[in-house]
Amino acid sequence: MDKFRHFVFDLDGTLIDTEHPVLLGWQKALELKGCFLTLEQIKPMLGIPMETVLDMLNIPWEDSFVDLWMDCYETFADEARFFDDVPEMLDALKAAGCGIGAVTSRHRAEYDRYFPKFKLEKWMDHIVLKEDTALNKPNPEPLMRYMELAGATADETIYIGDMPSDAKCANRAGATSAIVTWNGATVDMSDAKLAVASPKDVIGMIK
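Under numbering that gives the first Met the number 0, think of the first position of the sequence shown as 0, with each following residue one higher.
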């Protein structure tokens, strides 16, 4: 089994089960823009930066959409929970002295509003948000930013996500790419070096 010293995670769909509230938030926000989609139609757009989604739907980008989206998501945000065994996994990584971080496409305003209850900072050394880099996933810049902040090399870093864009980001940064299956989702895993079935399996990757 591959061994690592730095473990970097996506948040939504990887550490935290936000799929249903995120889908409902998107559906409500898009309806207010005159775009009516089913949850199944919206689902493939998860994990893609907000501006890119709107461009795909031919909806003009406005900075105010971030506030609209957050207001819509707030209706459903309390549903979000850690996946089973995730806190225990983070405890084990921390106890082993591993570098721990997050790379997410979430805006800072979203993170500050909806993620404090998860207390991620007690485990994580660095959290890279959308505004922290000029380019976002699948571009490697966000993960490279983590490695710069942490003084990590690519060969000792694994990036664990739930979307093909996460795997592409890791591969382009020279790190090891992994996609989780513990969320029950079925996505294209052809770009990922590893599939991770359980948070307990991550503990077995500690160098």
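Yeah, the Cβ is synthetic: ideal placement off N, Cα and C, and Gly gets one too.
Beta-carbon contacts of residue i that lie in its chain and below 6 Å, excluding the five residues immediately before and after
{"i": "Leu14", "result": "Phe8 and Val85"}
{"i": "Phe64", "result": "none"}
{"i": "Trp60", "result": "Glu50 and Leu53"}
Limits of the beta strand (DSSP E) - the one that residue i falls within
{"i": "Thr51", "result": "Per DSSP, Thr51 belongs to no beta strand (DSSP E); it is in the alpha helix (DSSP H), Met49 to Met55."}
{"i": "Ala177", "result": "Thr175 to Val179"}
{"i": "Ala194", "result": "Leu193 to Val195"}
{"i": "Ile126", "result": "His125 to Val127"}
{"i": "Ile99", "result": "Gly98 to Val102"}
{"i": "Gly160", "result": "Thr156 to Gly160"}
Pair within 9 Å by beta-carbon distance, residue i and residue j
{"i": "Leu29", "j": "Phe75", "result": "no"}
{"i": "Tyr158", "j": "Leu142", "result": "yes"}
{"i": "Pro139", "j": "Ala172", "result": "yes"}
{"i": "Gly12", "j": "Met162", "result": "yes"}
{"i": "Phe82", "j": "Asp16", "result": "yes"}
{"i": "Ala169", "j": "Ala194", "result": "no"}
For residue i, the residue or residues it bridges with in DSSP
{"i": "Phe3", "result": "Ile205"}
{"i": "Arg80", "result": "Asp16"}
Cβ neighbours of residue i in the same chain (closer than 7 Å, five flanking residues each side left out)
{"i": "Leu36", "result": "Gln26 and Leu29"}
Top-ranked residue by Cα proximity to residue i, from the options
{"i": "Met69", "options": "Arg112, Ser104, Met188 and Thr103", "result": "Arg112"}
{"i": "Ala174", "options": "Thr156, Thr185, Gly160 and Ala184", "result": "Thr156"}
{"i": "Asp165", "options": "Pro137, Val201 and Pro115", "result": "Pro137"}
{"i": "Cys71", "options": "Leu119, Asp124, Val127 and Leu31", "result": "Leu31"}
{"i": "His125", "options": "Cys97, Asp66, Ala108 and Glu109", "result": "Cys97"}
{"i": "Glu73", "options": "Val186, Phe114 and Leu56", "result": "Phe114"}
{"i": "Ser189", "options": "Val179, Ser197, Leu10 and Tyr110", "result": "Val179"}
Run of the alpha helix (DSSP H) containing residue i, from where it starts to where it stops
{"i": "Val65", "result": "Ser63 to Glu73"}
{"i": "Ala91", "result": "Val85 to Ala94"}
{"i": "Ile41", "result": "Leu38 to Ile41"}
{"i": "Gly24", "result": "Glu18 to Leu31"}
{"i": "Arg112", "result": "Arg107 to Tyr113"}
{"i": "Asn170", "result": "Pro163 to Ala172"}
Spatial neighbours of residue i in its chain, beta-carbon cut-off 8 Å, leaving aside the 5 residues before and after
{"i": "Met204", "result": "Met0, Asp1, Lys2, Phe3, Phe6 and Ile157"}
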